[in-house]
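>
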Amino acid sequence: MVVPLVLQPIGILLVAAGLTPLISILGEKIKFEKLKDLFAILAFASAFYALILLYLKIENYGSQSFILDNYLPLKGGIEIYVDSLSLFVAFIFCGLGFLVSIYSVKYMNVDTGLDRYYTLLLILVAGMIGVAFSGDFFNLYVFWEMMCIASYTLVSFRKYRWEPVEAGFKYLVMSTLGSLTALYGISLLYGLTGTVNFKIIKEVLTVNSNSQITIYVIIAAIIAGFGVTASIVPFHTWLPDAHPAAPSSISAMLSGVVIKTGVYVLARSLFTLFNPVNFNYGLALMIFGILTITVANFMALMQKDIKRLLAYSSTVNIGYIISGIGIGSYILFEYYNLKPLIGLSAAAFALTGALFHLFNHAIGKGMLFLCSGCFTHEAATRDISTLEGIGRKMPWTGGSFSIGLLTLAGVPPFSGFWSKLFIILAAFSFPENNIMNIIGIIIVLNSIFAAVYYLWLLQRIMVKTPKVKAEEASFFMVGPIIVLAVICVLIGLMPNLIIILAEKAAKAMLGGW
Numbered sequence: 007m008v009v010p011l012v013l014q015p016i017g018i019l020l021v022a023a024g025l026t027p028l029i030s031i032l033g034e035k036i037k038f039e040k041l042k043d044l045f046a047i048l049a050f051a052s053a054f055y056a057l058i059l060l061y062l063k064i065e066n067y068g069s070q071s072f073i074l075d076n077y078l079p080l081k082g083g084i085e086i087y088v089d090s091l092s093l094f095v096a097f098i099f100c101g102l103g104f105l106v107s108i109y110s111v112k113y114m115n116v117d118t119g120l121d122r123y124y125t126l127l128l129i130l131v132a133g134m135i136g137v138a139f140s141g142d143f144f145n146l147y148v149f150w151e152m153m154c155i156a157s158y159t160l161v162s163f164r165k166y167r168w169e170p171v172e173a174g175f176k177y178l179v180m181s182t183l184g185s186l187t188a189l190y191g192i193s194l195l196y197g198l199t200g201t202v203n204f205k206i207i208k209e210v211l212t213v214n215s216n217s218q219i220t221i222y223v224i225i226a227a228i229i230a231g232f233g234v235t236a237s238i239v240p241f242h243t244w245l246p247d248a249h250p251a252a253p254s255s256i257s258a259m260l261s262g263v264v265i266k267t268g269v270y271v272l273a274r275s276l277f278t279l280f281n282p283v284n285f286n287y288g289l290a291l292m293i294f295g296i297l298t299i300t301v302a303n304f305m306a307l308m309q310k311d312i313k314r315l316l317a318y319s320s321t322v323n324i325g326y327i328i329s330g331i332g333i334g335s336y337i338l339f340e341y342y343n344l345k346p347l348i349g350l351s352a353a354a355f356a357l358t359g360a361l362f363h364l365f366n367h368a369i370g371k372g373m374l375f376l377c378s379g380c381f382t383h384e385a386a387t388r389d390i391s392t393l394e395g396i397g398r399k400m401p402w403t404g405g406s407f408s409i410g411l412l413t414l415a416g417v418p419p420f421s422g423f424w425s426k427l428f429i430i431l432a433a434f435s436f437p438e439n440n441i442m443n444i445i446g447i448i449i450v451l452n453s454i455f456a457a458v459y460y461l462w463l464l465q466r467i468m469v470k471t472p473k474v475k476a477e478e479a480s481f482f483m484v485g486p487i488i489v490l491a492v493i494c495v496l497i498g499l500m501p502n503l504i505i506i507l508a509e510k511a512a513k514a515m516l517g518g519w
């Protein structure tokens, strides 16, 4: 039986996850303990290659879908649906997973149970890609729980210490409450439309949009439910505990891609099902966005633990992305009927900026957590004051760490400058709109505020006199970091490489208007 191309990336990762324990046993038998590491790396590379083939097919033939089962009592069936938006995030998920698997070869060297580690890492990425490829809520929820269960377990992987167990349990409780809230919204939606298939829900709501109160309750449940994993304030409190407790390789995955999965679900479900021209959830998203940026910025400034500071910084950047999505949807609600072409263009610009920043933060913050893992691996501490000057002892890691900080600070010519600029320009695209002007000003002020502590951290790590003895980390750890640093610089100098893809994803998000 030939497996459809849309299923191959997920299938490769899940099959590899199932085989990893057997590969580990085989490696022990033939005295090659790194066989499981190599197998995981090859699995991610194979899945990434399958995504490239899928990209080429979508470029030539448009979006692809596959009905898994149309005989269930679910109108529309269980559908796998892939377009430019889902493929955009899937490349990020799989690409970072591939680099983290290489990094883990040396970073996780002293840990035991690595067959479980790689199995869970493969399941984690398979779940995220499955969420991105879901064309219905049934499929999405199954893959969502797959992703969540793997991430809880990976956070508490070093279970012989209390901190990871406590952080993993807190993450489990909060994420479960979020999932139940989202499930409540999905159940209301099913009761209203009789289906969980995105396309049919959209058709039903287009014909019958009389139940405005119920629909807004559903929207609120979806934002709150998936907003927990997305780390939107006030649902963010699990993240600062999970990041320091988890292995740095998993912190990179959590911050780089797992929380982005929550953002993706919000964007996909809201824009696909609830036309922003008719439903004013854009204002709520903008408020959540600036609240997230502001609160997390102040919390980041008070941290002494490098991973905890970076965790709050992740929440800050989620705020930028949510603000960009909110600006886009608010523009459509306020201006599409008055100025269709201008409104649509401005909304697409805002969404392009949000998706571009999603990419930049995934790459930049993933790199920063991998760098912090190198620092803590050598110095055996997460305390910023003790880590002073360590970048001078580890020039490749320190240089990459500097690039990551400058990227997230929005300093030109690094890639983060462009995505922040897109979001800010979109906020000021209608000067007569005071609400958008206020949102834009708050984003600018917060960007300056964040840049201050990024530069402060850079100065502590790279300029101060070293306090600890350290040497450059292994090539397996430094190699993936350098790749990410090069991407940050390359995209900063040639932003169109990603802007083109982000524009296609934004158009898919808008339904090809």
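Quick note: the sequence shown uses this note's numbering, first residue 7, plus one each step.
Note that CB positions come from ideal geometry on N, CA and C, so glycine has one too.
Find the nearest neighbour of Pro-10 within the set Leu-41, Leu-59, Lys-42, Phe-45, judged by alpha-carbon distance.
Measuring from the Cα of Pro-10, the nearest candidate turns out to be Leu-59.
> Helix, strand or coil for Trp-519? Go by DSSP, reduced to three states.
Unreliable placement is indicated for Trp-519, whose pLDDT of 47 sits below 50; the coordinate value is still reported in the next sentence. Here Trp-519 sits in coil by DSSP.
> Which term fits Ala-23, buried or exposed, when burial requires 16 or more other beta carbons within 10 angstroms of its beta carbon?
Classification for Ala-23: buried.
> First and last residue of the alpha helix (DSSP H) that includes Val-88?
No alpha helix (DSSP H) contains Val-88, which is instead part of the beta strand (DSSP E) from 84 to 88.
> Decide if Trp-519 is buried, meaning its Cβ has at least 16 other Cβ atoms within 10 Å, or exposed.
The predicted model places Trp-519 with a pLDDT of 47, which falls under 50 and marks its position as unreliable, so this point remains unresolved.
> Terminal residues of the continuous alpha helix (DSSP H) containing Asn-214?
Here Asn-214 belongs to no alpha helix (DSSP H), and DSSP marks it neither H nor E.
> Leaving aside the five residues before and after Gln-14 along the sequence, list all residues of the same chain whose C-beta is less than 7 Å from its C-beta, in chain order.
Hits under 7 Å: Ala-56.
> To the nearest angstrom, report how far apart Leu-376 and Leu-490 are at their CA atoms.
Each residue's Cα considered, the two are about 10 Å apart.
> Output yes or no for whether 7 Å exceeds the beta carbon distance between Cys-154 and Ser-181.
Yes, Cβ-Cβ distance for Cys-154 and Ser-181 is below 7 Å.
> With a threshold of 8 Å on Cβ separation, who are the neighbours of Gly-33 within its own chain once the five nearest residues in sequence on each side are excluded?
So the list reads Glu-39, Lys-40, Leu-41, Lys-42, once near-sequence residues are dropped.
> Assuming Met-180 is part of the alpha helix (DSSP H), what are its boundary residues?
Per DSSP, Met-180 belongs to the alpha helix (DSSP H) from 168 to 199.
> With DSSP run on the structure shown, which of helix, strand or coil describes Asp-389?
Strand.
> Check for me: the alpha helix (DSSP H) holding Asn-443 runs from which residue to which?
Per DSSP, Asn-443 belongs to the alpha helix (DSSP H) from 440 to 468.
> Alpha carbon to alpha carbon, what distance is there between Lys-205 and Thr-220?
If I take the Cα positions, the gap works out to 19 Å.
> Using the Cα positions of Tyr-460 and Val-417, report the straight-line distance between them to the nearest angstrom.
Each residue's Cα considered, the two are about 11 Å apart.
> Exposed or buried, which one is Thr-358 when buried takes at least 16 other CB atoms within 10 Å?
So Thr-358 counts as buried.
> To the nearest angstrom, how far is it from the Cα of Val-12 to the Cα of Leu-195?
Looking at the two C-alpha atoms, the distance is approximately 27 Å.
> Is the CB-CB distance between Thr-300 and Asn-452 below 7 Å?
Yes, these two residues count as a Cβ contact at 7 Å.
> Tell me which same chain residues have a C-beta within less than 6 Å of the C-beta of Leu-272, skipping the five on either side of it?
Correct list, in chain order: Phe-232.
> What is the DSSP secondary structure of Leu-74, reduced to helix, strand or coil?
Reduced to three states, the DSSP call for Leu-74 is strand.
> Excluding the 5 residues flanking Pro-170 on each side, which residues of the same chain have their C-beta closer than 8 Å to its C-beta?
So the list reads Val-161, Ser-162, Phe-163, Arg-164, Ala-251, Ala-252, once near-sequence residues are dropped.
> Return the chain-ordered list of same chain residues with a C-beta closer than 6 Å to the C-beta of Phe-277, the five sequence neighbours on each side being excluded.
Around Phe-277: Met-515.
> Threshold first: 3 residues or longer. Then list the beta strand (DSSP E) segments lying entirely within the stretch 264 to 334, N to C.
Correct list: empty.
> Report back the beta-carbon spacing between Leu-128 and Tyr-158 to the nearest angstrom; my notes put them in contact at under 8 Å.
About 16 Å separates the two Cβ atoms, so there is no contact after all.
> Given that a residue counts as buried once 16 or more other Cβ atoms are within 10 Å of its Cβ, and exposed if not, what is Tyr-67?
Exposed is the call here.
> Between which two residues does the alpha helix (DSSP H) harbouring Lys-399 extend?
Looking at the DSSP string, the run of the alpha helix (DSSP H) that includes Lys-399 is 396 to 399.
> So, for Ala-479: in the same chain, excluding its five sequence neighbours on each side, which residues have a beta-carbon less than 7 Å away from its beta-carbon?
Contacts found: Cys-380, His-383, Glu-384, Met-400, Thr-403.
> Just the C-alpha distance for Thr-267 and Glu-151, rounded to the nearest angstrom, thanks.
Computed Cα separation, rounded: 12 Å.
> Apart from the five residues just before and just after Thr-471, which ones in its own chain have a Cβ nearer than 8 Å to its Cβ?
Once the five neighbours on either side are set aside, the close Cβ partners of Thr-471 are Glu-394, Gly-395.
> Between which two residues does the alpha helix (DSSP H) holding Ser-157 run?
Counting along the chain, the alpha helix (DSSP H) containing Ser-157 begins and ends at 143 to 161.
> From Thr-235, Gly-200, Ala-360, pick the residue whose C-alpha is nearest to that of Gly-184; which is it?
Among Thr-235, Gly-200, Ala-360, the Cα nearest to that of Gly-184 belongs to Thr-235.
> With three or more C-beta pairs closer than 8 Å as the rule, is the stretch 87 to 104 touching the stretch 114 to 125?
Cβ pair count under 8 Å is below three, so no.
> Taking Ala-132 as the reference, give the member of Ala-302, Phe-104, Val-116, Ile-207 with the closest Cα.
Closest by alpha carbon: Phe-104.
> Compute the Euclidean distance between the alpha carbons of Leu-4 and Ser-140, then round it to the nearest angstrom.
Limits of the chain in this structure are 7 at one end and 519 at the other, which puts residue 4 out of reach.
> Along the chain, where does the alpha helix (DSSP H) containing Pro-15 start, and where does it finish?
Residues 14 to 35.
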